[in-house]
Amino acid sequence: MADVIQLLPEYLANQIAAGEVVQRPASVVKELLENAVDAGASQVQLIIKDAGKQLVQVVDNGAGMSPTDARMSLERHATSKIRSTEDLFRIRTLGFRGEALASIAAVAQLELRTKQREYDTGTLLLVEGSQVMSQQPVACPDGTSIAVKNLFYNVPARRNFLKSNAVEMRHILDEFQHVALANPQTTFSLYQNELEVFNLPAGKLSQRIVALLGNGYKEQLAACEEVTPFITIKGFIGKPESAKKSRGDQFFFVNNRFIRSAYLNHAVLAAYEGLLPRDTHPFYVLFLELDPKTIDINVHPTKTEIKFEDEKTVYAIVRAAVKQSLGIHNMAPSLDFEGDVNFAPIRPLRSSGASHNSFSDEYRPDALSAAAAQAASPSPRERQPDRFAPQDRNLPPDLPIRPNGIWKTSTARSARRPFLI
Numbered sequence: 001m002a003d004v005i006q007l008l009p010e011y012l013a014n015q016i017a018a019g020e021v022v023q024r025p026a027s028v029v030k031e032l033l034e035n036a037v038d039a040g041a042s043q044v045q046l047i048i049k050d051a052g053k054q055l056v057q058v059v060d061n062g063a064g065m066s067p068t069d070a071r072m073s074l075e076r077h078a079t080s081k082i083r084s085t086e087d088l089f090r091i092r093t094l095g096f097r098g099e100a101l102a103s104i105a106a107v108a109q110l111e112l113r114t115k116q117r118e119y120d121t122g123t124l125l126l127v128e129g130s131q132v133m134s135q136q137p138v139a140c141p142d143g144t145s146i147a148v149k150n151l152f153y154n155v156p157a158r159r160n161f162l163k164s165n166a167v168e169m170r171h172i173l174d175e176f177q178h179v180a181l182a183n184p185q186t187t188f189s190l191y192q193n194e195l196e197v198f199n200l201p202a203g204k205l206s207q208r209i210v211a212l213l214g215n216g217y218k219e220q221l222a223a224c225e226e227v228t229p230f231i232t233i234k235g236f237i238g239k240p241e242s243a244k245k246s247r248g249d250q251f252f253f254v255n256n257r258f259i260r261s262a263y264l265n266h267a268v269l270a271a272y273e274g275l276l277p278r279d280t281h282p283f284y285v286l287f288l289e290l291d292p293k294t295i296d297i298n299v300h301p302t303k304t305e306i307k308f309e310d311e312k313t314v315y316a317i318v319r320a321a322v323k324q325s326l327g328i329h330n331m332a333p334s335l336d337f338e339g340d341v342n343f344a345p346i347r348p349l350r351s352s353g354a355s356h357n358s359f360s361d362e363y364r365p366d367a368l369s370a371a372a373a374q375a376a377s378p379s380p381r382e383r384q385p386d387r388f389a390p391q392d393r394n395l396p397p398d399l400p401i402r403p404n405g406i407w408k409t410s411t412a413r414s415a416r417r418p419f420l421i
């Protein structure tokens with residue numbers, strides 16, 4: 001019998017690999033926005049056409065790339081983020097696998113412009129289906145612009161499975177929200193079909209929450225903060241009267257990375273026990289900082305799932321922190337948005353020396369008059385089952401805010417800053 005096993009052609013292998021990373025236009029938005037943040041950008045512009053099916057473009061004023069690095073960035077498993085196995089357990093950046101650009105380029109037409117501030121000219125790369133069609137010097141501003149055109153043009157079956165523009169735009173807005181919430185110190189703008197949807201100046205986290213999620217939260221935010229040697233928690237929760245029927249406005253960030261965790265969501269719900277109307281869900285934007293060695297983010301291609309070395313301790317501290325915040329703020333006046341209260345997200349990543357130049361007119365949309373707001377209209381979210389009930393996971397018993405023998409208050413620190421012993 002003749003041999004039947006053979007190596008796949010490179011273009012086919014790339015398309016198969018891209019299926020794990022690039023599932024829809026929102027996947028492209030997530031990867032490009034995270035690259036901009038990792039590059040130290042202070043200004044990031046997202047341009048969308050036809051709900052991302054025709055164009056997804058991200059323009060930033062970050063560090064930029066050299067001509068060699070620009071070319072290498074399109075190769076699979078090429079990255080500047082890690083060098084060894086040990087680096088996987090001390091990851092401080094959002095990207096690290098070196099797959100994003102290569103996967104995107106395999107299923108789209110890609111135009112990359114980039115320039116480092118110490119160079120007089122930048123680099124222009126044109127790529128179609130993983131094939132580099134052209135590389136040449138070009139005049140462009142500091143930073144990087146990546147335009148992804150005609151997504152899945154060479155995989156018609158994948159393109160046919162995309163949903164309506166309204167649904168795809170909802171997913172894009174979700175990814176934009178996650179990155180914008182995690183980085184309130186960065187200016188973000190979003191254009192859909194040449195219409196400005198968001199223009200978010202750099203500011204405080206509370207201001208970013210209201211700008212993204214609506215003025216209704218302005219009177220409902222309660223600051224939440226807890227510092228222990230094991231974990232630091234900062235952010236905001238909603239007062240009980242702001243609870244909603246849907247779970248849409250719930251955000252957990254671990255080391256500044258958005259994650260989904262039914263387990264931690266259960267910890268928050270446990271803290272609200274007895275305070276919420278039936279079948280309602282609280283609002284929260286919480287940032288957790290832990291030693292990267294105590295977590296594993298290399299679990300899922302989307303990097304939104306995470307494993308904790310000691311998840312029961314994380315659960316107990318999150319629940320206690322939210323309980324404490326509810327006790328302090330339940331009778332307190334509304335948050336002063338003009339005051340000094342500000343919980344910027346945890347930023348363990350050092351600055352990469354990004355340039356802070358403003359965007360060039362070359363990269364701005366030609367006009368902002370055409371309306372396409374309907375494509376950005378939110379669609380209802382499906383309620384997710386609570387998969388982690390206490391009886392299933394041997395959760396710790398309900399703890400008071402300061403139970404004897406678990407929390408100890410240092411005389412050298414504020415009474416609101418317990419630490420775990």
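The sequence shown lines up with residues 1 to 421 when you count with the UniProt record's numbering.
In this text, a Cβ means the ideal position worked out from N, Cα and C, and glycines have one as well.
Owing to the predicted nature of the structure, the values given are computational and were not obtained by experimental measurement.
Check	Outcome
Can you tell which of P67, V132, F283 and Q192 has its C-alpha closest to the C-alpha of G214?	F283
Are V29 and V56 closer than 8 Å when you measure CB to CB?	yes
Helix or strand or just coil, what does DSSP make of F176?	helix
Looking at the strands, I want to know which residues DSSP matches up with K244.	H281
If you reduce the DSSP assignment to three classes, tell me which class R260 lands in.	coil
When the Cα atoms are used, what is the spatial distance from L125 to A105?	11 Å
Are any of the Cβ atoms in chain D nearer than 8 Å to that of P156?	Reference to chain D is not applicable here, since this structure consists of a single protein chain.
Taking only the alpha-carbon atoms, compute the straight-line gap between D398 and L264 and give it to the nearest angstrom.	Here the model assigns D398 a pLDDT of 48, short of 50, so the residue's position is not dependable, and the following value carries that caveat. Near 14 Å, if we compare the C-alpha coordinates of L264 and D398.
Between the C-alpha atoms of P277 and L269, what's the straight-line distance to the nearest angstrom?	12 Å
Any heavy atom of the ligand NAD within a distance shorter than 7 Å of the CB on Y315?	As presented, the structure is devoid of all ligands, the ligand NAD included, so that no description of it is given.
At the level of alpha carbons, what is the spacing between G64 and Y315?	39 Å
Which stretch, first to last residue, makes up the alpha helix (DSSP H) that contains P137?	No alpha helix (DSSP H) contains P137, which is instead part of the beta strand (DSSP E) from Q131 to V138.
Could you check where the alpha helix (DSSP H) with I209 kicks off and where it finishes?	L205 to L213
Have a look at L110 and A26 and give me their C-alpha separation to the nearest angstrom.	16 Å
Taking the DSSP output, what are the residues bridged to Y191?	I47 and E196
Specify the secondary structure class of G52 as computed by DSSP and reduced to three states.	helix
Closer than 8 Å is the cut-off here; do at least three beta carbon pairs connect the stretch 163 to 180 with the stretch 129 to 141?	no
From the DSSP output, read off the bridge partner residues of E111.	L126 and A147
Run the CB neighbour count on E31, radius 10 Å, all protein chains shown included, and call it buried at 16 or more, exposed below.	buried
Since I believe T144 is in contact with residue 422 (beta carbons under 8 Å), could you give me their beta-carbon distance rounded to a whole number of angstroms?	Since the first residue of the chain shown is 1 and the last is 421, residue 422 is not available in this structure.
Quick check: the Cα distance between N154 and D291, rounded to an integer number of angstroms?	42 Å
Of the choices L288, M72 and G52, whose alpha-carbon is the least far from that of L112?	M72
Along the chain, where does the alpha helix (DSSP H) containing K293 start, and where does it finish?	Segment: none, K293 is in no alpha helix (DSSP H) and carries neither H nor E.
Hey, out of K218, V254 and H281, whose CA is closest to K244's CA?	H281
Just checking my contact of F253 with F287 at CB under 8 Å: how many whole Å lie between their CB atoms?	5 Å
Output yes or no for whether 8 Å exceeds the beta carbon distance between Y217 and S242.	yes
Which one or two residues does DSSP pair with I237 in a beta bridge?	A222 and Y284
Where do the N-terminal and C-terminal ends of the alpha helix (DSSP H) with V28 fall, by residue?	P25 to D38
Just to confirm my understanding: we take T304, look at its own chain, exclude 5 residues before and 5 after, and list those with CB closer than 7 Å. What are they?	F258, I259 and R260
Return the residue from the list T114, T186, D279 and I172 that minimises the CA-CA distance to L200.	T186
According to DSSP, simplified to helix, strand and coil, what is K323?	helix
So, with DSSP's three-state summary, where would you put T186?	coil
Looking at E168 and R24, is the spacing between their C-beta atoms short of 8 Å?	yes
Please classify L212 as buried or exposed, where buried requires at least 16 neighbouring CB atoms within 10 angstroms.	buried
Quick one: using the 10 Å Cβ neighbour count with 16 as the cut-off for buried, is N160 buried or exposed?	exposed
Restricting to Cα atoms, I'd like to know which of A102, T121 and F152 is closest to Q131.	A102
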